[in-house]
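**Q** I'd like to ask you about the structure that follows.
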Amino acid sequence: MNSSIILSVTTFVYGLAAFLYIVSWVFKKEAPGKLALWTAALGLAGNTAGIILRWIESYKLGIGHAPLSNLYESLVFFSWTILIIYLFVERKYKNRTIGAFVTPLAFFAMAYASLHNNSIQPLIPALKSNWLIAHVITCFIGYAAFAIAFGTSGMYLIKKRDTEGKSLLLKRFPKTNTIDELTYQMIMLGFLFLSIGIITGAVWANSAWGRYWGWDPKETWSLITWFIYATLLHAKMMRGWHGKRIAYLSIAGFAAVLFTYFGVNLLPGLHSYGAMGQ
Amino acid sequence: MIKKANSSDTISRVWKFFTSVKLTVVLLLSLAVTSIIGTVIPQSGTASEYFHKYGELRYKILSFLDSIFDIFDMYHSWWFQLLLLLLTINIIICSIDRMKATWKIIFVKIPPFNVSRFRRLEYKKEFSESSMPDELEQIYKPVISRSYGYSRIEQTDSGFCLFAEKWRWTRLGVYIVHLSIILMLLGGLIGSIFGFEGFVNIPEGESARKINLRNTTEMHLLDFEIKCEDFSLSFYDSGAPKEYRSSLVIIENGKPVLKKDIIVNDPLRYKGINMFQSSYGTLPPREVTLSFTIRETGMEYKKKAAINKPVEIPEGLGTFILKDYSSSAGFKGHNIGEAFMGILTPKIGNTLNILLPLRFPSFDKMRKGDVIIAVASHNHEYYTGLQVTKDPGVWVVYSGFILMIIGCFVTFFMSHQRLCIEVTGKGNRSMVMVAGTSNKNKMGMQRKIEILSEKLDKLVTAQVDRLKAEDC
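Keeping their order, the protein sequence lines are chains V and Z. Each residue of the first sequence is one higher than the one before, counting from 5 in our numbering. Each residue of the second sequence is one higher than the one before, counting from 963 in our numbering.
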């Protein structure tokens, strides 16, 4: 049994959990919902085991480092964080329809991860720092919270389209006010951790390259994301924005998150990130 | 008089303009949108890099835009800095403006409470107990004072009112966040005025004092010398780099004062100057041993050689001169890595250019000449590339970082909570109302009120049961 197999299985378990959550929502049945919760919990256990095992395996290879060093590992951690936060939300809000919109995100992240190289690689010199763990963990807690806010914003917009409350499918959604509030809570959590993520990245950059900020595309895009969510928070707190406008801003914010994470690699650059040598 | 009124009118209008949250939203979104430009167009490149990348026409358009909007260095352009300046003024004025009101709320000796305000709340819990108000007072008081920082009891005609509150100071959270942003920008400003960012390449065994400043042709002279005693690099089995290490010595007034090996992520700091491992390169080897294999006899001879010094080829086959060294030579469009170039003058025939790649010792065999030349051994020398910076503003920025984290946490997850429990005696029963407000997270407060009411009710029931048991 190695971590790659466990994590591959976890991907399917998450897929099943997402499917069950959707079934439970669409067919308004309690039983698949309960099963979905247990499946999700099982997936989370597998995800946790996979991460720990991968950590141990890297030590056995003599290149021991936390499994947070490349795209594959960070996506696995991303799914893990989404599930942790989601299970907490389900417990607190006692509504499983949210699961139908959130667990698929964890499944997609794991499925996308599986398309990438999952061999354990040694750390290049630039990544050999204690800040790596703090930076990646905080960033991904932030991203996961934003992902959930994205899911709930979608729910809000769907529910709002049905103005007369006719749709039976949407009856089981939490009240619009509750969804709005949940989105807001997730964004505050995400914003706090995105801030800490940017800060730990800056401190790390300063100890590795002698500058805490260099307007590198990745840094800049994380700041753009920060600006968008900062706008949302000010609009909400000071101008009383709520509902649709907040939902749209939250979706725009998550698009910026995705671009920060995936899109930046597509951008041209005269200087590569932390490149060494010629 | 009229003029004075006008000027104060202008001031108040400017003030009002900067207190607007609309302005904040516009500025934040403008910063977000314009920041994209610098991630699409590479920044601080050389003219030839841009020309190469964009072609002539697009380069001309872009460089015209650059002459007005500095798009090749947009984060330092006048308009981007102006946006940041406006945001700073906006933050400061907004904070001062709102602080005036918040200050009065936060710094009061006796917090004011108004029962009727709590009675009017939409969400409150009301229930009745079979105890008298003064009995309830004894039960409620310790419970509330335990979890609320401030509490007081006011007697009323038919009972009492218990007021409590906590975390009044958390109303300052948002100002902490705003202050943190000002500190970060201020720290950045201090760094850009009093600091510098540069680089220097130092060959092994040599030392340097002059630092090339980034994005300029200027140099900065240090008060001390940096000597690189040794540079080494190691690789993983896969070929990926494992470590770059430079052994540095700081020499001040001719004496070594500090010695340290630096690697990436572990710089050397001396007198406010930071030295980071940032790149490396190879230098042309100073001495090379060449091997000459004579085709006819099969004999191999080894001879030392240096650049531009002719070497006699054994068995009288002519002379060879090493001419040049390249760390990445090309052959038929391929990069073949480090190589020497030399000129062979045979006894008979024309002179030939010879390429001697270090990675392929039998390369010269392909020429099918009388003699096969190869580099048998060479001493490898590196230079280390150091990033050298000074930033006296960094601690201001870091204190901003800490305040940002604290401020965000306080602003998002802590709130000023006020609680009111009104107990009114009716015969030998009491009516209880529990209500509370908080300046944030109203839903969370509702849940708290619900939990608290249940807890208080249970405590009373337990007390009543105990008394009954004692009576028996």
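Positions of the beta carbon are idealized from the N, C-alpha and C atoms, including for glycine. No experiment lies behind these values; they were computed from the predicted model shown.
Quick check: the Cα distance between residue 1370 (chain Z) and residue 1382 (chain Z), rounded to an integer number of angstroms?
**A** 28 Å
**Q** Identify, in the order they occur along the chain, each residue of the same chain with its Cβ nearer than 7 Å to the Cβ of residue 85 (chain V), setting aside the five sequence neighbours on each side.
**A** Within the same chain, residue 85 (chain V) has close Cβ partners 144, 145 and 148.
**Q** How big is the Cα-Cα spacing for residue 1200 (chain Z) and residue 131 (chain V)?
**A** 17 Å
**Q** Could you tell me the distance, in whole angstroms, from the CA atom of residue 997 (chain Z) to the CA atom of residue 77 (chain V)?
**A** Their backbone Cα atoms lie some 29 Å apart in a straight line.
**Q** Is there a Cβ from chain Z that is less than 7 Å from the Cβ of residue 92 (chain V)?
**A** Not one chain Z Cβ lies under 7 Å of residue 92 (chain V).
**Q** What are the residues that DSSP puts in a beta bridge with residue 1232 (chain Z)?
**A** Z:1235
**Q** What are the boundary residues of the beta strand (DSSP E) that residue 80 (chain V) is part of?
**A** Segment 75–97 is the alpha helix (DSSP H) holding residue 80 (chain V); no beta strand (DSSP E) there.
**Q** Which residues in the same chain as residue 1148 (chain Z) place their Cβ atom closer than 7 Å to its Cβ, once the five residues preceding and following it in sequence are excluded?
**A** 1358
**Q** Can you tell me which of the three DSSP states residue 132 (chain V) falls into?
**A** Note: residue 132 (chain V) maps to coil in three-state DSSP.
**Q** Please confirm if residue 187 (chain V) has its CB atom under 7 Å from at least one CB of chain Z.
**A** no
**Q** In terms of alpha-carbon separation, which member of V:218, V:245, V:178 and V:254 lies closest to residue 93 (chain V)?
**A** V:178
**Q** Under the criterion of a Cβ to heavy atom distance below 6 Å, does residue 207 (chain V) qualify as lining the ligand COA?
**A** The model on display carries no ligand, and the ligand COA is accordingly not part of it.
**Q** Taking only the alpha-carbon atoms, compute the straight-line gap between residue 1104 (chain Z) and residue 1385 (chain Z) and give it to the nearest angstrom.
**A** Spanning the two alpha carbons is a distance of roughly 16 Å.
**Q** Is it buried or exposed for residue 224 (chain V), if we count other Cβ within 10 angstroms and need 16 for buried?
**A** buried
**Q** List the residues of chain V that residue 1178 (chain Z) touches, going by C-beta distances under 9 Å, in chain order.
**A** What residue 1178 (chain Z) touches in chain V: nothing, since even the nearest Cβ is about 16 Å away.
**Q** When we look at the beta-carbon of residue 1271 (chain Z) and count the other beta-carbons within 10 Å, is it buried (16 or more) or exposed?
**A** In summary, residue 1271 (chain Z) is exposed, with fewer than 16 beta-carbon neighbours lying within 10 Å of its beta-carbon over all protein chains present.
**Q** Thinking C-beta only, is residue 1126 (chain Z) closer than 7 Å to residue 1142 (chain Z)?
**A** The answer is no: Cβ separation not under 7 Å.
**Q** Would you list the one or two residues that DSSP bridges to residue 1212 (chain Z)?
**A** Partner(s): Z:1188 and Z:1220.
**Q** Excluding the five sequence neighbours on either side, which residues of its own chain have a C-beta within less than 8 Å of the C-beta of residue 282 (chain V), listed in chain order?
**A** With a pLDDT of only 26 at residue 282 (chain V), under the threshold of 50, the placement of this residue in the model should not be trusted; the figure read from the coordinates follows. Once the five neighbours on either side are set aside, residue 282 (chain V) has no close Cβ partner at all.
**Q** Assuming residue 1364 (chain Z) is part of the alpha helix (DSSP H), what are its boundary residues?
**A** Counted as a single uninterrupted DSSP element, the alpha helix (DSSP H) harbouring residue 1364 (chain Z) occupies residues 1356–1375.
**Q** Using a C-beta to C-beta distance shorter than 7 Å, which residues of chain Z count as neighbours of residue 227 (chain V)?
**A** In chain order: 997.
**Q** Verify the CB distance criterion: does residue 238 (chain V) have a CB-CB separation below 7 Å to chain Z?
**A** yes
**Q** From the DSSP secondary-structure annotation, give me the bridge partner or partners of residue 1288 (chain Z).
**A** Z:1301
**Q** What did DSSP end up calling residue 1267 (chain Z) once you bin it into helix, strand or coil?
**A** strand
**Q** Under 7 Å Cβ to Cβ from residue 24 (chain V), same chain only, skipping five residues before and after it: list those, please.
**A** 36, 39, 40 and 43
**Q** Give the secondary structure of residue 1320 (chain Z) by DSSP, where H, G and I count as helix, E and B as strand, and everything else as coil.
**A** coil
**Q** Take residue 176 (chain V) and list the residues in its own chain whose beta-carbon comes closer than 7 Å to its own, dropping the five residues that flank it on each side.
**A** 29, 32 and 101
**Q** Does the segment 1336–1354 of chain Z come within contact of the segment 1087–1101 of chain Z, defined as at least 3 CB pairs closer than 8 Å?
**A** no
**Q** Which residue spans inside the segment 989–1064 of chain Z form an unbroken beta strand (DSSP E) run of at least 3?
**A** none
**Q** Does residue 231 (chain V) come within less than 7 Å of chain Z when only Cβ atoms are used?
**A** It does: the Cβ of residue 231 (chain V) has a partner Cβ on chain Z nearer than 7 Å.
**Q** Give a yes or no on whether the minimum CB-CB distance between residue 59 (chain V) and chain Z is below 7 Å.
**A** no
**Q** Taking 7 Å as the CB-CB cut-off, is residue 1190 (chain Z) touching chain B?
**A** The chain labelled as chain B is not found among the protein chains of the depicted structure, namely V and Z.
**Q** Distance, Cα to Cα, residue 1332 (chain Z) vs residue 1257 (chain Z)?
**A** Cα-Cα distance, rounded: 5 Å.
**Q** Expressed to the nearest angstrom, what Euclidean distance is found between the alpha-carbon atoms of residue 1304 (chain Z) and residue 1168 (chain Z)?
**A** In a straight line, the C-alpha of residue 1304 (chain Z) is about 28 Å away from that of residue 1168 (chain Z).
**Q** Thinking just about the alpha-carbon of each residue, which of Z:1312, Z:1038 and Z:1246 is nearest to the one in residue 1482 (chain Z)?
**A** This structure cannot settle anything about residue 1482 (chain Z), because the visible part of chain Z is limited to 963 through 1434.
**Q** In three-state terms, what does DSSP make of residue 27 (chain V)?
**A** Helix at residue 27 (chain V).
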